[in-house]
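Following: one structure in structure tokens, then a few remarks.
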Amino acid sequence: MGGIGAGAANIAANAAADPITNELHIAVYVLETFVLPASVVGLAGLALRRSPWLATIGGGLGLIGWLAWSGLAAQDDLTFQMAQMGGGPQLVELWNRFTTNSTMGALTLIYVTCHLLAYVVLGIALGRARIIPPWAAWSLVLTSPITLIAFPTHLHELLYLVIALWFVGSVPAAVAVWRSRLEEPA
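Residue numbers for the sequence shown follow the working numbering, beginning at 1 and rising by one.
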């Protein structure tokens, strides 16, 4: 798609896309608004005892970053609704104004900065605390620089690598949560 301030391209891409797929992607974004903040709090909780400062900073950054994601999910829904209404010059202008105003600019900056820094800090915290293996910690850490490469270069295929690294790093963390729950006294 066209990116921020490229309303015509974004609305046209939404109009050309399968409506069911489009609504599914928006539904996933809405679900992520609730699930991903909980996931960073969980990762931070794992590292808290052995690496309290990094866990607190990483968890806080992740929570703030993922909460700002809801504004971007709403932006995607707005784009879809505008496409359903036929686009048109006024809707394109509204989209351009909406995506480039200070509110959306701040939400985007907060989301990008905080969630990317969170996975670097949390990966380091979990690795330093030896809660997950070093390769899993590196998997989490590497998601951020690869994301930073993917967007400006338009190499969106790299985002599949990011998802894979995220998953690979998260599985040992999930196992650590499971083990800690089993070890808790009744």
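Just so it is clear, CB atoms sit at the ideal spot from N, CA and C, and this is done for glycine as well.
Just so you know, these numbers come straight off a predicted model, no measurement behind them.
Here the alpha carbons of Glu-183 and Pro-152 stand approximately 45 Å from one another. According to the DSSP assignment, Pro-89 belongs to the alpha helix (DSSP H) that extends over 89 to 100. Here DSSP, grouped into helix, strand and coil, assigns Leu-61 to helix. Within the same chain, and ignoring the five residues on either side of Ser-70 in sequence, the residues whose Cβ sits closer than 6 Å to its Cβ are Thr-33.
DSSP places Ile-149 in the uninterrupted alpha helix (DSSP H) bounded by 134 to 153. With respect to the 8 Å criterion, Trp-66 and His-115 are classified as neighbours on the basis of their beta carbons. Inter-residue distance for Ile-163 and Arg-97 is about 31 Å (C-alpha atoms, whole angstroms).
If you draw a 10 Å sphere on the C-beta of Thr-99, you find 16 or more other C-beta atoms in it, and that means buried.
Closest option to Gly-87, judged by alpha-carbon separation, among Ala-12, Thr-108 and Ala-173: Ala-12. Rounded to the nearest angstrom, the gap between the Cα atoms of Trp-135 and Met-85 is 48 Å. Comparing C-alpha distances from Ile-132 to each of Leu-43, Gln-75 and Leu-148 shows the shortest one belongs to Leu-43. With contacts defined by Cβ atoms closer than 8 Å, Val-121 and Leu-61 form a contacting pair. If you look at Gly-86, you'll find it isn't in any alpha helix (DSSP H); DSSP assigns it neither H nor E. C-alpha of Pro-145 to C-alpha of Leu-158: approximately 11 Å in a straight line. Counting along the chain, no alpha helix (DSSP H) covers Arg-130, and no H or E run does either. Comparing alpha-carbon positions, the option among Gly-169, Leu-117 and Thr-143 lying closest to Leu-54 turns out to be Leu-117.
Secondary structure of Arg-49 (DSSP, three-state): coil. The beta carbons of Leu-107 and Ala-68 sit closer together than 8 Å. Distance from the Cα of Ser-39 is smallest, within the candidate group Ala-176, Arg-179 and Ser-170, for Ser-170.
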